[in-house]
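Participant: Pasting a structure below so you can have a look.
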Amino acid sequence: MNWKIMATSSSYDTESFSHPNERLGNHLKRVACNAIGAIDRVDAKFTIIESDLLRRAVALAAALHDLGKATTFFQNYLLTDEPFDNDLKAHAKLSAIVTRSLLSEMIKNSVQDPVLRFYLPLITFLSVKRHHGNLENIGDENYVLDKQREKEVLTKQLQSLNQNDLKLISHLVNETTGCEISLATLIQDFDIKRFTASIGIAFQTPKFNRLESNKKLEYYFLVLTIYSTLLYSDKRDVILGEKEFLLAGLPDNVVENYRKKLGFVDPGHGINSYKEKAYFGVLDQLDKTFEINKRIYSITLPTGLGKTLTSLKAALAIKEKLGDQYKLVFTIPFTSIIDQTYTIYSDIFETTRSDVLLKHHHLSEPVYKSGDDTLDVNQSEFMIETWDSNVVVTTFVQLFESLITNSKARLLKLPNLAHSIIILDEVQNIPYKYWRLINNTLKVFSSVYDVYFILLTATQPLIFTPGEEIDELVPEYKDYFKIFNRTKLFQHLDKPVDTIDELLDEIILFDQNNPNKNILVILNTRPNSMELFKLITTSFPDDELYYLSSSISPFERKIIIEQKIKKNKSKKRKILVSTQLIEAGVDISFDAVFREIALIDSILQSAGRANRYGKESSPAPCNYFSILKKS
203 MNWKIMATSS SYDTESFSHP NERLGNHLKR VACNAIGAID RVDAKFTIIE
253 SDLLRRAVAL AAALHDLGKA TTFFQNYLLT DEPFDNDLKA HAKLSAIVTR
303 SLLSEMIKNS VQDPVLRFYL PLITFLSVKR HHGNLENIGD ENYVLDKQRE
353 KEVLTKQLQS LNQNDLKLIS HLVNETTGCE ISLATLIQDF DIKRFTASIG
403 IAFQTPKFNR LESNKKLEYY FLVLTIYSTL LYSDKRDVIL GEKEFLLAGL
453 PDNVVENYRK KLGFVDPGHG INSYKEKAYF GVLDQLDKTF EINKRIYSIT
503 LPTGLGKTLT SLKAALAIKE KLGDQYKLVF TIPFTSIIDQ TYTIYSDIFE
553 TTRSDVLLKH HHLSEPVYKS GDDTLDVNQS EFMIETWDSN VVVTTFVQLF
603 ESLITNSKAR LLKLPNLAHS IIILDEVQNI PYKYWRLINN TLKVFSSVYD
653 VYFILLTATQ PLIFTPGEEI DELVPEYKDY FKIFNRTKLF QHLDKPVDTI
703 DELLDEIILF DQNNPNKNIL VILNTRPNSM ELFKLITTSF PDDELYYLSS
753 SISPFERKII IEQKIKKNKS KKRKILVSTQ LIEAGVDISF DAVFREIALI
803 DSILQSAGRA NRYGKESSPA PCNYFSILKK S
């Protein structure tokens, strides 16, 4: 969703320009209005700061973020070809210092909490100072004006600010924050020694350190909230101006219609009947257990039981309970399966309109379609990077690097993550070393930003404490695992395979007794997998041989999986050599698996690629060997 710009009650045609052909005052006005709309829409529920104060701080940062462009130094740089001094024409630090000084003055008598009274002006200072770059550590950033050259530059900049423009911008600050001030007076009275004395952080750090861990995390998200709102609002004005793109609503009953198309009205017997049972079981459990303040749920089901469709329906059911403003985000660990999921979703929603359904990863094509219009490259990139869509299909990396980051580019999307229902598919792929970080981050983020999470997997990791921090929507999930007899695991740890050549011998031996079995081989590293594939091409020249790893582009991987393996009707035996990217959610099935030993989650996920649909009369063999050494 986008936010309409507030009606301008008066003109802000300053004498200074922010960009060629753009008056500074009008730019500041639009950015401030964008920021107010964004922070109102986010409606963050912090316990450390009241919503109205946060709104005023954001509005102030937006209204003053380019104040430093009103110096003669910047105007000469922008509008003439005269030589310029880089330090004197710089605008961000000057803007940040004025913002910090003014906000400190605004809240000195109204905010009783000494931690907030000190850190809120500091956070707005950081946001304005770094609105053209990435965030830096607070401790480092707080040391400003500690060199004589910096003091001299600031003094000259303050003296060169356009006085007529300061009057207009003072009026803008009053209009957007309710604070009646004179910037000209503030700047005239500015004292560098008094300012540097007031920003000392040494006495504030112990107070902050005594806060509860959740409060500290809230301060972290307060930094990201103010910073990202300013970034979004500024860039939106530069790229979109006053253009408005309203998102189309989601069609009704999309999952039900899709299920009818697939024949689930009469599932019959076998695996489809279990899919049906799991599907309605999840919805019933959600009706029984869902509460507004319960924000993290899980769906644990065996491979092939329709977690993608079931989780989407569960997310839509939560959206129906909460309201139309909630968006859906489906996240996947690997780019290798993002196209597969996006294709399923586009079939379900019967559209490829970007404002309804958006695919985003680091290799996404910069094309955004809104209705019948395709936006230009810059506009498309902005809409995609900010996840401006009702449904987003993306990767773990894109999500987590937008929550745990100092990156300007990543944080652009944060305002659009508020009021989301986020599905984490194949969540077992999150490395153990990040579990505590993910646990703490998601709990605080979901509470502050009004977000719900659904974790999907066949092997649910203990990132959250069951029954306390997370609610399982398939409480009888163990019964589903007892139903299937699709695979049989063989561990060969007592028979070490020290080289790739020896593993090849094991595959050849298996082939002699099973000449028609399709084989999947999964190794932990690309060098070993490539070495084995070269050997297999020599040993099995008459078979259809395939190779997959992250060294192959997502486009090529999609062709290999969808066209050459899944839709290939050839009677020739297929052998696929891959790294672990094949394990997470790839809808593919083989008659036998050979896998290098790995963590238990990977072992079970690899078994999920064997006899996936339960069509074989006997269990498919899954063979596990000790860690390989390079030949």
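Offset between the sequence shown (1-based) and our numbering: plus 202.
Ideal Cβ positions, reconstructed from N, Cα and C, are used throughout, including at glycine.
No experiment lies behind these values; they were computed from the predicted model shown.
1. DSSP three-state call for residue 582: helix, strand or coil?
2. With a CB to CB cut of under 8 Å and the five nearest residues on each side skipped, what residues in its chain are close to residue 219?
3. Give the DSSP bridge partners of residue 746, in chain order.
4. Tell me, please, which residues DSSP counts as bridged to residue 225.
5. With DSSP run on the structure shown, which of helix, strand or coil describes residue 808?
6. When we look at the beta-carbon of residue 457 and count the other beta-carbons within 10 Å, is it buried (16 or more) or exposed?
7. Provide the residue span of the alpha helix (DSSP H) that contains residue 512, from first to last.
8. Mind checking which residues open and close the alpha helix (DSSP H) that includes residue 532?
9. Kindly indicate which residue of 562, 814, 555 and 216 has the alpha-carbon position closest to the one of residue 576.
10. Which value, in whole angstroms, describes the spacing of the CA atoms of residue 223 and residue 229?
11. Are the CB atoms of residue 676 and residue 812 within a distance shorter than 8 Å?
12. Run the CB neighbour count on residue 407, radius 10 Å, all protein chains shown included, and call it buried at 16 or more, exposed below.
13. Determine, using beta-carbon pairs with one atom in the segment 293-313 and one in the segment 321-334, whether at least three such pairs fall under 8 Å.
14. Indicate whether residue 747 and residue 777 have their beta-carbon atoms separated by less than 8 Å.
15. Can you name the residues that DSSP bridges to residue 822?
16. My parser needs the beta strand (DSSP E) runs of 3 or more residues fully inside the segment 703-734; what are they?
17. Does DSSP put residue 405 in a helix, in a strand, or in coil?
18. Could you pull the start and end residues of the beta strand (DSSP E) that residue 596 belongs to?
19. Go ahead and label residue 387 buried or exposed: buried means 16 or more other beta carbons lie within 10 angstroms of its beta carbon, across all protein chains shown.
20. Kindly indicate which three-state DSSP category residue 446 falls into: helix, strand or coil?
21. Starting from the C-beta of residue 570, find all residues in its chain whose C-beta is less than 6 Å away, skip the five residues before and the five after it, and write them out in chain order.
22. By the three-class DSSP mapping on this structure, what secondary structure does residue 683 have?
23. For a test of the three-state rule: what should DSSP assign to residue 838, helix, strand or coil?
24. Mark residue 209 as exposed unless 16 or more other C-beta atoms lie within 10 angstroms of its C-beta, in which case mark it buried.
25. For residue 572, does the three-state DSSP call read helix, strand or coil?
26. Return yes when the Cβ of residue 524 is within less than 8 Å of the Cβ of residue 592, no when it is not.
27. I think residue 439 touches residue 236, with their Cβ atoms under 8 Å apart; what is that distance to the nearest whole Å?
28. Would DSSP call residue 668 helix, strand or coil?
29. How about residue 627 and residue 520: are their beta carbons less than 8 Å apart?
30. Can you have a look at residue 477 and say buried or exposed, based on whether 16 or more other CB atoms are within 10 angstroms of its CB?
31. For residue 344, which residues in the same chain have their Cβ closer than 7 Å to its Cβ, ignoring the five residues on either side in sequence?
32. By DSSP, does residue 178 sit in helix, in strand, or in coil?
33. In whole angstroms, what is the alpha-carbon distance linking residue 721 and residue 573?
34. Which residues does DSSP pair with residue 794 in a beta bridge?
35. Using alpha carbons as the reference points, say which of 275, 768 and 415 lies closest to residue 645.
36. Alpha carbon to alpha carbon, how far is residue 820 from residue 688?
Facilitator: Taking the structure as given:
1. helix
2. 225, 226, 271, 277, 280 and 281
3. 776
4. 219
5. helix
6. buried
7. 509-524
8. First-last for residue 532: 529-534, but that is the beta strand (DSSP E), not the alpha helix (DSSP H).
9. 555
10. 11 Å
11. no
12. exposed
13. yes
14. yes
15. 689
16. 721-724
17. coil
18. 593-597
19. exposed
20. coil
21. 556, 577, 582, 585 and 586
22. helix
23. For the chain, the structure presents residues 203 to 833; residue 838 sits outside this window and is missing.
24. Only weak support exists for where residue 209 lies, its pLDDT of 37 falling under 50; the coordinates are left without a value.
25. strand
26. no
27. 6 Å
28. strand
29. no
30. buried
31. 324, 401 and 403
32. Since the first residue shown for the chain is 203 and the last is 833, residue 178 is missing from the structure and cannot be characterised.
33. 45 Å
34. 721
35. 415
36. 7 Å
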